[in-house]
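Q: Heads up: the sequence shown runs through residues 26 to 82, numbered per my numbering.
C-beta atoms are modelled at their ideal positions from N, C-alpha and C, and glycine is treated no differently.
A quick note: this is a predicted structure, and the numbers were derived from the prediction, not measured.
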Amino acid sequence: MSTTPEPVSERSAAEVNEEIRALWLRSGGTLSVEQREEYRRLVLEWAAALPRPAKAA
């Protein structure tokens, strides 16, 4: 098990999603190796920024 804490996004999921969309537009639909790494990082940030459902008691 990893002891590294999950990164907390400072931006909203909507803000990160806009950056993901812009990346795809800039790339013309085909990502380079560097762009794929940026996309991966952005998707992880986007997932971390999503609201978490409240746990049932």
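Identify the continuous alpha helix (DSSP H) that holds alanine 81 and give its terminal residues.
A: Walking along the sequence shown from the start, residue 81 turns up at place 56. That residue, alanine 81, is in no alpha helix (DSSP H); it is neither H nor E in DSSP.
Q: Taking the beta carbon of valine 58 as the centre, do at least 16 other beta carbons fall within 10 Å, making it buried, or is it exposed?
A: Your numbering for residue 58 matches position 33 in the sequence shown. Looking at its Cβ environment, which holds fewer than 16 other Cβ atoms inside 10 Å, valine 58 is exposed.
Q: Applying the 10 Å Cβ sphere with the 16-neighbour rule, what's the burial state of glutamate 70?
A: Along the sequence shown, one-based indexing puts residue 70 at 45. So glutamate 70 counts as buried.
Q: Specify, as a first and last residue, the run of the alpha helix (DSSP H) that serine 37 falls within.
A: For this step, residue 37 is matched to residue 12 along the sequence shown. Looking at the DSSP string, serine 37 is not in any alpha helix (DSSP H), and its letter there is neither H nor E.
Q: Is the region 61–75 in contact with the region 37–48, if contact means three or more CB pairs nearer than 8 Å?
A: Enough Cβ pairs lie closer than 8 Å, so yes.
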